[in-house]
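The next block holds one structure in the form of structure tokens; read it before the comments.
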Amino acid sequence: MKPKTLLFVCTGNTCRSPMAEIMCNAMIDDDPRFQQASWRAASAGLQVFRAEGISENAAKALANRGLLSADHLSRQLDEDELARASLVLTMTAAQRDMLREYFPEEAEKVFSLKEFAGEEGDVLDPYGGPPAVYERTAQELEGLVRAVLERLSAQGQA
3 MKPKTLLFVC TGNTCRSPMA EIMCNAMIDD DPRFQQASWR AASAGLQVFR AEGISENAAK
63 ALANRGLLSA DHLSRQLDED ELARASLVLT MTAAQRDMLR EYFPEEAEKV FSLKEFAGEE
123 GDVLDPYGGP PAVYERTAQE LEGLVRAVLE RLSAQGQA
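Offset between the sequence shown (1-based) and my numbering: plus 2.
Here you go:
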């Protein structure tokens with residue numbers, strides 16, 4: 003079975019979306035319920051000017067959870083990737099709205115992460131903040147990603 007892509011999108015693809023991608027793939031790999039549906043996570047950014055690794059504090063927040071991030075390079079979201087994705091989850095409602103406006107043919111599969119997880123608001127952007135802010139964002143993402151996988155599982159998609 004061909005994997006379905008769960009695409010996480012943020013601004014620069016150096017903090018929130020790669021943390022969500024790495025956490026999501028780890029959760030899928032660690033939980034037999036999620037392994038059966040053939041989902042794989044990916045991530046991209048809306049304003050990527052050059053390929054960069056994950057930010058140092060995001061890497062530390064992931065390492066605190068036993069997760070590695072060394073292979074990540076930021077990527078600009080493009081139309082083809084958006085079209086190939088099965089589900090697109092943005093970090094903010096404004097990012098969701100922008101994608102829906104510019105790509106109306108993909109609108110039905112674009113949600114904010116919190117919206118899809120059954121919550122309101124946006125995911126905290128830790129960019130430029132101290133390690134504690136990245137840790138708070140990582141904790142938030144952990145719960146949201148797990149909620150997304152649980153929802154997909156309950157719908158028979160995970």
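The beta carbon of each residue, even a glycine, is placed where N, CA and C say it ideally should be. Just so you know, these numbers come straight off a predicted model, no measurement behind them.
Next on the checklist: Under DSSP, the alpha helix (DSSP H) around G145 begins and ends at which residues?
Outcome noted: 133 to 156
Next on the checklist: As a quick exercise: from E81, D127, T94, pick the residue whose alpha carbon is nearest that of F113.
Outcome noted: T94
Item to check | Residues near A149 by beta carbon distance below 6 angstroms, same chain, minus five either side | outcome: A119
Checklist entry - From L143, R153, E152, A156, pick the residue whose C-alpha is nearest to that of M25; which is it? => result L143
Item to check | Coarse secondary structure for F113, derived from DSSP in three states | outcome: strand
Item to check | Beta-carbon gap between L84 and E108 smaller than 8 angstroms | outcome: yes
Checklist entry - Which term fits Y104, buried or exposed, when burial requires 16 or more other beta carbons within 10 angstroms of its beta carbon? => result exposed
Item to check | Completely contained beta strand (DSSP E) runs for the region 60 to 121, where each covers 3 or more residues | outcome: 89 to 92, 112 to 114
Item to check | Buried versus exposed call for Q97 [16 or more other C-beta atoms within 10 Å across all chains shown] | outcome: buried
Next on the checklist: Nearest by alpha-carbon distance to A156: which of T139, L79, A39 is it?
Outcome noted: A39
Next on the checklist: If distances are taken between C-alpha atoms only, which option among I56, E54, F10, K62 comes closest to V147?
Outcome noted: F10
Next on the checklist: Could you check if A109 belongs to the surroundings of the ligand ZN, using beta carbon to heavy atom distance under 7 angstroms?
Outcome noted: Ligands are entirely absent from the displayed structure, and the ligand ZN is therefore not among its contents.
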